[in-house]
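As structure tokens, the structure follows; a few thoughts come after it.
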Amino acid sequence: ALAQPAVTLRSLTGCLSPPDRTGYPPSKFVPSKKPKPHSDDKDKKKTPLTARERRHNAKELTEARKKKRKRHFTLEQDLARLWEKMRRHEIAKDERSKLVTEALTKMKGKIHEIAGSHVTSRVLQTCVKHCSQAERDEVFEELRPHFLTLAYNAYAVHLVKKMLDNASKKQLSGFISDLRGHVAPLLRHMVGSVVVEHAYDLATAAQKQELLLELYSTELQLFKDLVPEKETRLLDVMSKLGLQKGSVSRHMSLVIQPILEKGIVDHSILHRVLLEYFTIADKTSVTDIIQQLSSPLLVRVIGTKDGAKIGTLCVKYGSAKVLVSILSVVDDTKLITKVIIRELQPILKELVFDKNGRRPLLQLLHPNCSRYFSPDELASMNSSIPCLSLKGLLDVCIENVGELIRSNFGKEVVYEVATGGSGDILHPTLDEKINSLHKAIASLAALPKSEDSKEEHVLENFFSSRTIRKLILDCPNFASILWEEALKGKSELWSHGHSCKVISAFLESSDSKVQKLAKKELQPLIDNGTLKMQKSREEATQ
């Protein structure tokens, strides 16, 4: 056997380093000292970046982060560049079609994933607007399984609306079928409710009924095919199917209450549901709903036909604060002046041009007129109308006479004001103002005929020419002012087109003085066949 070397204490202690302060020997690995930086490196560190360089670095960093976070970031950038070209007005149609096709090709298979972006949703809307019908159908089919998800997105909702606007009857029917079971949840959502309302506006009567049945009852939602198409009223449907009023009322209350609590009351489909609910609910439930609507919410409700009926019900069954709409129900001039007229005064111009807003004004000027109100509406009105000062309305008519008389809705207000209202309610206190209005209309008629003007002459415009004709027939004072200031000596010029109806009205007037004014000048035009007389009112009714 080999002899082992002798191990001594000295041999052991000689290979060990002396311990440090902690009592352990120091490590045999000594860290290397860092090399001193060169002077060039020091200069680079000390040199500050310019503002442009900082912005450039920040932009690169942001894009790098977005690229990691967003799956389709590069695609979105490419689409944004294409969109900047295709959305220009001056671009040629063929060039735009190529860009649209290129964009849709890039997006194919990924449309539902990128439709929720604020950039790509706009790109898609432009593409859907300008693409071919075949391309539009492809986009619709790709998005159809995802429409309900997109309906809740604040950006994608605009694309969904655009798709519905361009959808065929079959596509729209399919979309409404896809909404089955989701109408109530969507109506409770601020964004999703817009999609339901848009579909409701575009739907046929049968499709509207299909959407409404979802909100009436669970049974109707599941067995909608049992409901006859002719039955549109909820009471008729319930009696036909033997549904219990209590269960339907409870279900509708559960649907309506969350919507009202969120303040989503602008949509006509909800207004229809509320009206039907009022027909079956007990008085306490109806009062609760009306109290919820007796607030600024009511202003947003009364803009539709059904909403206006709800407003009337609020007036009938609500508290004194709700009696704001009310020119024919509340026979209290002081209350109406204090509560209503004072608030309407600053927005008279907007009311005059609005289809529904003009109705209170027409009710003041010509109470309970069948020309402006339906028989059902007239039946609910009081026969006594408070006489209010309409000086502010006259001022609005004088200042905006040109715009009003050419408007489909404003012309009726101008006519009622210019004739003094029913029963001469504006005479004699406002005679001077009425004369000023007559002169303002005559001044417009006296303007020379110009082909370069962007605005039609009042004697040639469809609405204004017929309004002026009615005023000549019904208001002799206006007829004389118009003849003297605008038409005398110019009859031949205005004896063609819409204006010929205005000229012939002077000879059709029941007032002999008005006929005498124009007969000498107009008779030769009738004799030579230039001017043809319109049928009189008596002949037309026979």
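Under the UniProt record's numbering, the first residue of the sequence shown is numbered 1, with each subsequent residue one higher.
From the three backbone atoms N, C-alpha and C, an ideal C-beta is built for every residue, glycine too.
Coarse secondary structure for residue i, derived from DSSP in three states
i: Asn-435; result: helix
i: His-427; result: coil
i: Gln-244; result: coil
i: Pro-72; result: First, the residue type needs correcting, since residue 72 is His and not Pro in the sequence shown. DSSP places His-72 in coil when its eight states are reduced to three.
i: Asn-400; result: coil
i: Glu-492; result: coil
i: Met-238; result: helix
i: Lys-321; result: Note on Lys-321: pLDDT 42, under 50, position unreliable in the model; the coordinate value appears next. Three-state result, Lys-321: helix.
i: Leu-270; result: helix
i: Lys-98; result: helix
i: Arg-537; result: Unreliable positioning characterises Arg-537 in this predicted model, as indicated by a pLDDT of 47, which lies under 50. A coordinate reading is not provided.
i: Val-414; result: helix
i: His-89; result: coil
i: Ser-453; result: coil
i: Ser-480; result: helix
i: Ile-176; result: helix
i: Ser-168; result: coil
i: Ile-472; result: helix
i: Ala-281; result: coil
i: Tyr-216; result: helix
i: Asp-527; result: helix
Rounded C-alpha distance that separates residue i from residue j
i: Asp-288; j: Asp-395; result: 41 angstroms
i: Met-533; j: Leu-426; result: 33 angstroms
i: Lys-355; j: Ile-302; result: 12 angstroms
i: Arg-122; j: Met-190; result: 20 angstroms
i: Gly-497; j: Asp-306; result: 39 angstroms
i: Ser-294; j: Asp-78; result: 51 angstroms
i: Trp-83; j: Leu-212; result: 39 angstroms
i: Leu-235; j: Ile-280; result: 7 angstroms
i: Thr-419; j: Glu-455; result: 26 angstroms
i: Arg-54; j: Thr-74; result: 23 angstroms
i: Leu-99; j: Arg-52; result: 33 angstroms
i: Val-195; j: Lys-59; result: 37 angstroms
i: Arg-250; j: Phe-409; result: 41 angstroms
i: Val-160; j: His-112; result: 11 angstroms
i: Arg-136; j: Pro-476; result: 59 angstroms
i: Glu-485; j: Phe-353; result: 28 angstroms
i: Lys-70; j: Gln-133; result: 31 angstroms
i: Leu-61; j: Leu-348; result: 55 angstroms
i: Glu-460; j: Leu-254; result: 55 angstroms
Close-in-space but distant-in-sequence residues of the same chain around residue i (CB under 6 angstroms, 5 per side omitted)
i: Lys-433; result: Leu-394
i: Ser-443; result: none
i: Gln-345; result: Gly-392
i: Ala-479; result: Ile-472 and Val-514
Cut-off 8 angstroms between Cβ atoms - residues of its own chain near residue i, not counting five sequence neighbours on either side
i: Glu-231; result: Val-237 and Lys-240
i: Gln-515; result: Phe-506, Leu-507 and Ser-509
i: Gly-174; result: Arg-144
i: Gly-181; result: Glu-214 and Gln-221
i: Ile-176; result: Ala-199, Ala-203, Gln-207, Glu-210 and Leu-211
i: Lys-501; result: Ser-465, Arg-466, Arg-469 and Gln-534
Test item: CB-CB of residue i and residue j under 8 angstroms
i: Thr-47; j: Met-86; result: no
i: Ile-503; j: Ser-495; result: yes
i: Val-401; j: Ala-440; result: yes
i: Val-417; j: Leu-437; result: yes
i: Leu-430; j: Lys-488; result: no
i: residue 603; j: Arg-188; result: The question about residue 603 has no answer here: the residues shown for the chain are numbered 1 through 542.
i: Ser-193; j: His-72; result: no
i: Glu-521; j: Ser-499; result: no
i: Leu-365; j: Ser-407; result: no
i: Glu-142; j: Ile-114; result: no
i: residue 617; j: Ile-256; result: Nothing in the structure corresponds to residue 617, since the chain is present only between 1 and 542.
i: Ile-269; j: Glu-350; result: no
i: His-130; j: Ser-97; result: yes
i: Ala-151; j: Leu-186; result: yes
i: Gly-263; j: Leu-297; result: yes
i: Leu-482; j: Val-413; result: no
i: Ser-217; j: Val-265; result: no
i: Lys-449; j: Leu-517; result: no
Cβ-based neighbour list, residue i, same chain, cut-off 7 angstroms, excluding 5 preceding and 5 following
i: Leu-275; result: Asp-306, Lys-309 and Ile-310
i: Tyr-155; result: Gly-116, Ser-117, His-118 and Ser-121
i: Phe-140; result: Met-163, Ala-167 and Gln-171
i: Val-286; result: Phe-278 and Tyr-317
i: Ala-320; result: With a pLDDT of only 40 at Ala-320, under the threshold of 50, the placement of this residue in the model should not be trusted; the figure read from the coordinates follows. If we look at Ala-320 and ignore the five residues flanking it on each side, it has no Cβ neighbours.
Neighbour flag for residue i against chain B, beta carbons, 8 angstroms
i: Gly-263; result: Here there is only one protein chain, and chain B is not present.
- Task: Scan the region 115 to 140 and note each continuous alpha helix (DSSP H) run of 4 residues or more that stays entirely inside, going in chain order.
- Result: 120 to 130
- Counting only runs of 4+ residues fully inside the UniProt repeat "Pumilio" (178 to 214), write out the alpha helix (DSSP H) ranges in chain order. Taken in chain order, the unbroken stretches of alpha helix (DSSP H) that lie wholly in the UniProt repeat "Pumilio" (178 to 214) and span 4 residues or more are 183 to 187 and 192 to 202.
- List in chain order: all unbroken alpha helix (DSSP H) runs of 4+ residues lying wholly within the region 294 to 318. 297 to 301 and 305 to 317
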